[in-house]
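Note sheet for the following structure.
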Amino acid sequence: MTDPASDGSAAAPLYLRVAAALRNDLALGRLAPGVRLPPERELARRHGVNRQTVRSALQLLREEGRVATDRRGTFAVPDELTDRRPVLRASRQAFPGGAETTGAVVRAALSWEPPPTALAAPLALMPGEPTLVHRQVVLTADGSTVQRAESRFSRHALVRIPQLAHYRRVARHRRVANDRQQPDLRLLYHWMHLAGLRVTHRESVGVTRQSPRGDGSAAGPARLVVHRVVNDQHGQPLEITDIDFLGQGTSLTYEFGS
Numbered sequence: 047m048t049d050p051a052s053d054g055s056a057a058a059p060l061y062l063r064v065a066a067a068l069r070n071d072l073a074l075g076r077l078a079p080g081v082r083l084p085p086e087r088e089l090a091r092r093h094g095v096n097r098q099t100v101r102s103a104l105q106l107l108r109e110e111g112r113v114a115t116d117r118r119g120t121f122a123v124p125d126e127l128t129d130r131r132p133v134l135r136a137s138r139q140a141f142p143g144g145a146e147t148t149g150a151v152v153r154a155a156l157s158w159e160p161p162p163t164a165l166a167a168p169l170a171l172m173p174g175e176p177t178l179v180h181r182q183v184v185l186t187a188d189g190s191t192v193q194r195a196e197s198r199f200s201r202h203a204l205v206r207i208p209q210l211a212h213y214r215r216v217a218r219h220r221r222v223a224n225d226r227q228q229p230d231l232r233l234l235y236h237w238m239h240l241a242g243l244r245v246t247h248r249e250s251v252g253v254t255r256q257s258p259r260g261d262g263s264a265a266g267p268a269r270l271v272v273h274r275v276v277n278d279q280h281g282q283p284l285e286i287t288d289i290d291f292l293g294q295g296t297s298l299t300y301e302f303g304s
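Take 47 as the starting number for the sequence shown in the working numbering and just add one per residue.
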């Protein structure tokens with residue numbers, strides 16, 4: 047029997063703990079590639095959770111490409127079918143930098159502050175009203191910056207998504223985290239799904255030579271910039287993210303899914 051808390055993250059949501067246990071079984075070969083996983087009822091009994099928790103864990107593993115489901119059941123995906131190319135990925139299922147960034151170091155931080163005036167109305171915020179802001183920098187092994195991302199959330203998102211409420215409390219109380227306690231929002235779009243939100247992404251992609259600091263300093267090489275607006279199924283704003291790809295020769299892959 048696999049203990050879903052064996053990764054030491056007893057405070058993590060149950061579905062994440064079950065997913066971690068199954069991921070470990072896959073990595074250690076306890077669930078061999080191509081082999082069908084036990085039925086949901088059996089997995090629920092084995093991990094001491096309900097079937098909905100198992101379904102959420104399996105959905106996460108499907109999004110990661112580790113398992114696949116058809117009318118016969120859910121199967122472990124062979125490694126050769128999983129794309130492991132060293133690229134930065136921007137995906138409808140991955141928050142900025144959340145998908146694999148091979149050989150890179152991620153630095154992330156939270157703050158509680160008003161957005162720029164131009165973003166207040168699109169986020170359904172009053173002028174000067176603060177909100178949760180997530181900033182992230184992706185560095186190569188030699189310390190070169192290849193990506194910056196800034197995300198701001200609407201009041202609606204903070205109310206509807208329980209996991210964001212936790213990070214809002216962290217940011218409002220200005221708690222300082224060490225490197226191992228960096229905010230981890232990689233599962234943001236999965237959290238939206240669990241909250242019953244069906245999201246739409248509208249992304250504008252462009253190229254600029256302006257200084258990434260926006261301070262009038264000398265322009266550098268051409269950079270790819272992405273402006274992402276995320277709404278729910280009712281048109282309510284959830285998130286606005288600006289991503290700046292600074293690296294030379296960075297490969298950007300978009301993955302679209304239903």
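Yeah, the Cβ is synthetic: ideal placement off N, Cα and C, and Gly gets one too.
This structure is a prediction, so every number in the text was calculated from the model and none was measured.
Asked                                                                                                                                                                                         : Found
Does the separation of the CB atoms of ARG198 and GLU86 fall below 9 Å?                                                                                                                       : no
What residue does the beta strand (DSSP E) around HIS273 start on, and which one ends it?                                                                                                     : 269 to 277
Please specify which runs of the alpha helix (DSSP H), each continuous and at least 4 residues long, are wholly inside the segment 100 to 126, giving them in chain order.                    : none
From the DSSP output, which residues share a beta bridge with HIS247?                                                                                                                         : VAL276
Thinking C-beta only, is ALA103 closer than 9 Å to VAL151?                                                                                                                                    : no
Run through DSSP, which three-state label would ALA241 get?                                                                                                                                   : coil
Alpha carbons only, please: which of GLU175, GLY252, TYR235 is nearest the one belonging to ARG244?                                                                                           : TYR235
One question on the structure: do VAL179 and LEU292 come within less than 9 Å of each other, judged by their Cβ atoms?                                                                        : no
Bridge partners of PHE199, per DSSP?                                                                                                                                                          : GLU285
Distance, Cα to Cα, ARG226 vs VAL123?                                                                                                                                                         : For ARG226, the predicted structure reports a pLDDT of 47, less than 50, and the residue's modelled location is therefore unreliable. A value from the coordinates is still provided. Taking the straight line joining both Cα atoms gives about 30 Å.
Can you list, in chain order, the residues of its chain whose CB lies under 6 Å from that of GLU146, leaving out five sequence neighbours each side?                                          : At GLU146 the pLDDT is 44, less than 50, meaning the model places this residue with poor confidence and gives no usable figure here.
Within its chain, find whatever has a CB closer than 6 Å to the CB of VAL81; leave out the 5 residues flanking it on each side and keep chain order.                                          : ALA122
Is the beta carbon of ARG201 closer than 9 Å to that of THR177?                                                                                                                               : yes
What does the Cβ neighbour count give for ASP230, buried or exposed, with the cut at 16 atoms within 10 Å?                                                                                    : exposed
Please go through the same chain and pick out, in chain order, the residues whose beta-carbon is closer than 7 Å to the beta-carbon of LEU240, but skip the five residues on each side of it. : SER102
Based on the DSSP secondary-structure assignment, which residues constitute the bridge partners of GLN182?                                                                                    : ALA154, ALA195
By how many angstroms is the C-alpha of GLU110 removed from the C-alpha of PRO132?                                                                                                            : Residue placement at PRO132 is flagged as unreliable, the pLDDT there being 36, under the threshold of 50; the coordinate-derived value follows with that caveat. In a straight line, the C-alpha of PRO132 is about 15 Å away from that of GLU110.
Is it buried or exposed for ASN96, if we count other Cβ within 10 angstroms and need 16 for buried?                                                                                           : exposed
Using the three-state DSSP reduction, which class does GLU159 fall into: helix, strand or coil?                                                                                               : strand
In its own chain, which residues sit with a C-beta less than 8 Å from the C-beta of ALA166, not counting the 5 before and 5 after it?                                                         : PRO160, MET172, PRO173, GLY174, GLU175
May I ask you to report which of helix, strand or coil DSSP gives ARG82?                                                                                                                      : strand
Which value, in whole angstroms, describes the spacing of the CA atoms of GLN228 and ARG76?                                                                                                   : 31 Å
For LEU74, count neighbouring C-beta atoms within 10 Å of its own C-beta (all shown protein chains included) and say buried if the count is 16 or more, exposed if not.                       : exposed
Among ARG248, ARG194, GLN279, which has the Cα closest to the Cα of ARG269?                                                                                                                   : ARG194
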